[in-house]
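Residue numbers (our numbering), protein chains in the order written: chain A, 1 to 333; chain B, 1001 to 1333.
Shown next as structure tokens:
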């Protein structure tokens, strides 16, 4: 049995840089047509110059593959009218990180509704640059995404033509919200379709499942699964796959994030098949993003076959999601 | 500045056995007058014979100190009338573990309201043997303690003369519950007075703060703190201190529990001092348990002095709570 995906897209990927990028980028470039590359390096990608150089470093690794890295820059107060006007042709999105919430986000400003920030949003709206947001409040860890909803509502209302992508949503409340505003969209990761907080802190503690935003309740996972499995046009796949070496995950202070890049398509096909929704996977993994981001496909075909794939224990020094487990689908070489 | 504690009691301690017991038991026997020793070894302590032998092994280590280990047995369906009648003079409590929830609890039966179980509770009530319960439901990890409350209520109503100790409570709901029924009591750990889930899964993941029941919300910690700091007679200190070697905490599947034994008194004095409640610490750490369990003090005095104590990085191969941090109180030798 075979399953064909046309132009799979990962609309939220972390390639990091240097040696780590060398270890991970080709997992995405092999299996995906394009990917939207997050800018949170140390220091983050903020300028066109940095962006061009970073893109070149990525392409050096991915050039063997029929693959396009779509770039983002790190939202900052430097983004004035002139810069945004020029940026428009280089980026697919600008990524806004909350203060101190995520890896390398300390460069961000803390008030998302300041005059300066609102002016930038307004210019982005003019130039039709989508705004990708990873935001959570500083509340109790379970409530942080949910409690940010009033801010999303304000932004959605104030900038009705600005496309706002709520990145890696994890709650039923976020699923409900994107259906309420025309200009709100969301990415959903692979791991949030699979795990809840119970998987992270149940019988044992599982550092390789520790991610941000933290996986939430069963009802939240169910809501994510429901919207991903149906034909809903407001959601795209974005893996948020991010590598950390084993010794940063299995230690006394473990880094967040899950590394899924090499097994995304296999697990998505398995998941959609299990839920009798294989017909909708093409939309979730590609078509919806093409429509939302107005992308031009470059015709890449990935064929999967129903054949067991045992997830390796490690890729380089990175322990992947589902390490050692067997997936019932493989990518056909 | 000095602070004197008379007969400090730890009403919930895990000594484990063999080499591990060798590494940890004297931390408790040095600093405490008595402690209630939990029976969840592999296999658990279920018989008088096992209990006597375990007690002997403990005393071999603790005999240099003026210290009494009070024993418990593991609740099981074997506890018939005759056994309970004999047990009465050997144990201070019988510890009931939920099915699969905690280390070595797989020997327990899963239905706490079965006819057999209720008969045992009824006999324990007759023989005035307290029932110590660590129970949580199988619900979402945050709700598991709270959702067990209806069962506690049924037991409290059905056996009004059975002293039921809700072990290591972590929620505001449990704090409210013990004040509702005369025969419900609770132990509170040191770490649950210090941490919330935000400390475990915040910026980084902290395996050394991963415990069961998992630390809950700020409002829950506040409720625990409030009842511990006041003169409330329904709560006792029970550390639930449990050692795991470093490599079982810093790995891909990390064991639960926190090791606090060597620093309990120093941190409690610091905490009660900070909250202007030093006058109430004697009740929380000793007097309340003496009244609840009807114990006879053996007059041990521990003197603390206001002098910085840097918590070691490790005790043997065990990383303690607050490793490397400085506490403003020390135990005077």
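Cβ atoms here follow ideal geometry from the backbone N, Cα and C, with glycine treated the same way.
Considering only beta carbons, the part of the segment 1198-1217 of chain B lying closer than 8 Å to chain A consists of 1198, 1200, 1201, 1202, 1203, 1204, 1205, 1206, 1207, 1208, 1210, 1214 and 1217, in chain order. Taking a cut-off of 8 Å on C-beta distances, the segment 1238-1257 of chain B does not touch the segment 1293-1310 of chain B, as fewer than three cross pairs fall below it. Take residue 1081 of chain B, set aside five residues on each side of it, and the residues of its chain with a beta-carbon closer than 7 Å to its own are 1123, in chain order. If you draw a 10 Å sphere on the C-beta of residue 239 of chain A, you find 16 or more other C-beta atoms in it, and that means buried. The Cβ of residue 1250 of chain B sits closer than 7 Å to at least one Cβ of chain A.
Using a Cβ-Cβ cut-off of 7 Å, residue 141 of chain A counts as an interface residue toward chain B, since at least one Cβ of chain B sits closer than that to its own. Per DSSP, the unbroken beta strand (DSSP E) holding residue 1069 of chain B starts and ends at 1068-1074. Contact between residue 158 of chain A and residue 185 of chain A does not hold, since the beta-carbon distance rounds to 17 Å and is not under 8 Å. In the DSSP annotation of this structure, residue 1035 of chain B is not part of any alpha helix (DSSP H); the continuous beta strand (DSSP E) holding it starts and ends at 1034-1037. Identification of residues in the segment 151-181 of chain A having a C-beta nearer than 7 Å to some C-beta of chain B yields an empty set.
In this structure, B:1317 is the residue among B:1317, B:1273 and B:1139 with its C-alpha nearest to the C-alpha of residue 1244 of chain B. Taking each of B:1282, B:1269 and B:1286 in turn and checking the Cα distance to residue 1327 of chain B, the smallest one comes out for B:1269. The beta carbon of residue 253 of chain A falls within 7 Å of a beta carbon belonging to chain B, placing the residue at that interface.
Beyond the five residues adjoining it in sequence on each side, residue 1167 of chain B comes within less than 7 Å, by CB distance, of 1012, 1132, 1133, 1134, 1187 and 1238 in the same chain, given in chain order. For the segment 1194-1221 of chain B, the full-length alpha helix (DSSP H) segments reaching 4 residues or more read 1197-1200 along the chain.
Close CB contacts of residue 84 of chain A within its chain, under the 6 Å cut and outside five residues either way in sequence, are with 123 and 127 (chain order). Membership of residue 1024 of chain B in the alpha helix (DSSP H) is indicated by the continuous run 1018-1031. Within chain A, 252 have C-beta atoms less than 9 Å from the C-beta of residue 1319 of chain B, given in sequence order. For residue 1183 of chain B against residue 1156 of chain B, the beta-carbon gap comes to about 6 Å, under 8 Å, which counts as contact.
Between the alpha carbons of residue 259 of chain A and residue 208 of chain A lies a distance of about 8 Å. With fewer than 16 other Cβ atoms from the protein chains shown falling within 10 Å of its own Cβ, residue 1231 of chain B counts as exposed. Take residue 1125 of chain B, set aside five residues on each side of it, and the residues of its chain with a beta-carbon closer than 6 Å to its own are 1159, 1161 and 1162, in chain order.
DSSP places residue 185 of chain A inside the beta strand (DSSP E), whose first and last residues are 184-188. A straight line joining the alpha-carbon of residue 17 of chain A with that of residue 30 of chain A spans about 18 Å.
Residue 277 of chain A and residue 1176 of chain B have their C-alpha atoms spaced approximately 47 Å apart. Distance from the CA of residue 1027 of chain B to the CA of residue 1049 of chain B, rounded to the nearest whole angstrom, comes to 26 Å.
A distance below 8 Å between beta-carbons, with the five flanking residues on each side excluded, links residue 1021 of chain B to the following residues of its chain, in chain order: 1015, 1057, 1058 and 1061. For residue 10 of chain A, the uninterrupted beta strand (DSSP E) segment begins and ends at 9-13. Going by DSSP, residue 167 of chain A is part of no beta strand (DSSP E) at all; its letter is neither H nor E.
Within the same chain, and ignoring the five residues on either side of residue 189 of chain A in sequence, the residues whose Cβ sits closer than 6 Å to its Cβ are 168, 239 and 240.
Annotated three-state conformation of residue 1269 of chain B is helix, per DSSP. DSSP places residue 1250 of chain B outside both helix and strand once states are collapsed to three, so it counts as coil. DSSP places residue 1077 of chain B outside any alpha helix (DSSP H), giving it a letter other than H or E.
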